[in-house]
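For reference, the structure discussed in these notes is given below.
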Amino acid sequence: MQLEKIISISGKPGLFKLVSHLKNGFIVEDITTKKKASISNSSQVSLLDNIAMFTFDKEVPLFEVLENVAKKEDYKPTISHKSTDAELRSFMDEVLPDYDKERVYVSDIKKLSQWYNLLEKAGYITPESFVKSEETKEEESSITDKIDDKKSVQKKEKAVTPKVKSSSSAKSTAKSTHRKMG
């Protein structure tokens with residue numbers, strides 16, 4: 001099992017596996033319930049493999065942070081995301097000792113803990129899940145390109161959509177055109 005196709009969808013709880021790409025969106029599967037659903041191109045989607053956590057000298061990919069947690073916990077569940085702020089900070093100190101305490105918020109640590117536990121419960125946290133094959137890297141690149149294309153199209157659509165104020169002459173022209181066609 002690989003983690004490269006696991007995504008987070010803004011506004012939806014849990015994590016999802018990308019199943020297929022559609023013309024106007026994606027088919028996803030909830031990793032815990034295995035229920036499939038389609039999401040539109042307008043959904044805010046983040047591949048877990050594209051997320052990183054700040055340290056003082058670089059950004060560490062979430063993939064590596066999850067691997068650190070898995071090794072620390074011997075591939076078993078970790079601290080609950082509902083733990084106290086002090087417990088979560090202590091957990092983060094063990095998992096990523098040089099993390100930037102000013103740029104990594106407690107809410108980020110909660111999300112890390114919650115995502116790890118969801119992935120572990122769904123069977124994605126194994127020693128093999130942290131090994132990337134060449135084929136997986138190519139698939140991941142293809143998926144990332146499709147998501148990036150979707151985002152650029154969304155930006156263009158937002159930029160191109162003009163705001164038109166209707167005037168009384170435009171309304172009367174529209175009415176007379178409608179009568180002629182009807």
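Under UniProt numbering, the residues of the sequence shown are numbered 1 to 182, in order.
Ideal Cβ placement from N, Cα and C applies to all residues, glycine included.
Checklist entry - Between the Cα of V19 and the Cα atoms of S38, A86, E73, G11, which residue gives the shortest distance? => result S38
Checklist entry - Quick one: what's R125 bridged to in DSSP? => result According to the sequence provided, residue 125 is Ile. The question's Arg does not apply to it. Answer is none; I125 lacks a bridge partner.
Checklist entry - Is the distance from the Cβ of V106 to the Cβ of L118 below 8 Å? => result no
Next on the checklist: Once the 5 residues before and after S80 are set aside, which same chain residues still bring their CB inside 8 Å of it?
Outcome noted: S113, N117
Item to check | Per-residue burial, E120 [other beta carbons within 10 Å of its own, 16 or more giving buried] | outcome: buried
Checklist entry - Would you report the Cα separation of K111 and K23, rounded to the nearest angstrom? => result 31 Å
Checklist entry - Taking buried to mean at least 16 other C-beta atoms within 10 Å of its own C-beta, is Q154 buried or exposed? => result The pLDDT assigned to Q154 is 49, lower than 50, so where the model puts this residue is not dependable; a value taken from the coordinates is nonetheless given after this. Answer is exposed; the Cβ neighbour count stays below 16.
Checklist entry - Looking at V45 and M53, is the spacing between their C-beta atoms short of 8 Å? => result no
Next on the checklist: As a quick exercise: from N68, L3, D49, F63, pick the residue whose alpha carbon is nearest that of L96.
Outcome noted: N68
Checklist entry - Quick one: what's got a C-beta closer than 6 Å to I109's C-beta in the same chain, skipping five residues either side? => result L88, M92
Item to check | Alpha-carbon spacing of K36 relative to L66, whole angstroms | outcome: 25 Å
Item to check | Cβ neighbour criterion (16 or more within 10 Å) applied to E4 | outcome: buried
Checklist entry - Does the Cβ-Cβ distance between T55 and D85 come in under 8 Å? => result no
Item to check | P77 versus V104: straight-line alpha-carbon distance, rounded | outcome: 22 Å
Next on the checklist: Starting from V28, trace the beta strand (DSSP E) in both directions and tell me its first and last residue.
Outcome noted: 25 to 30
Item to check | Start-to-end residues for the alpha helix (DSSP H) that takes in L88 | outcome: 85 to 95
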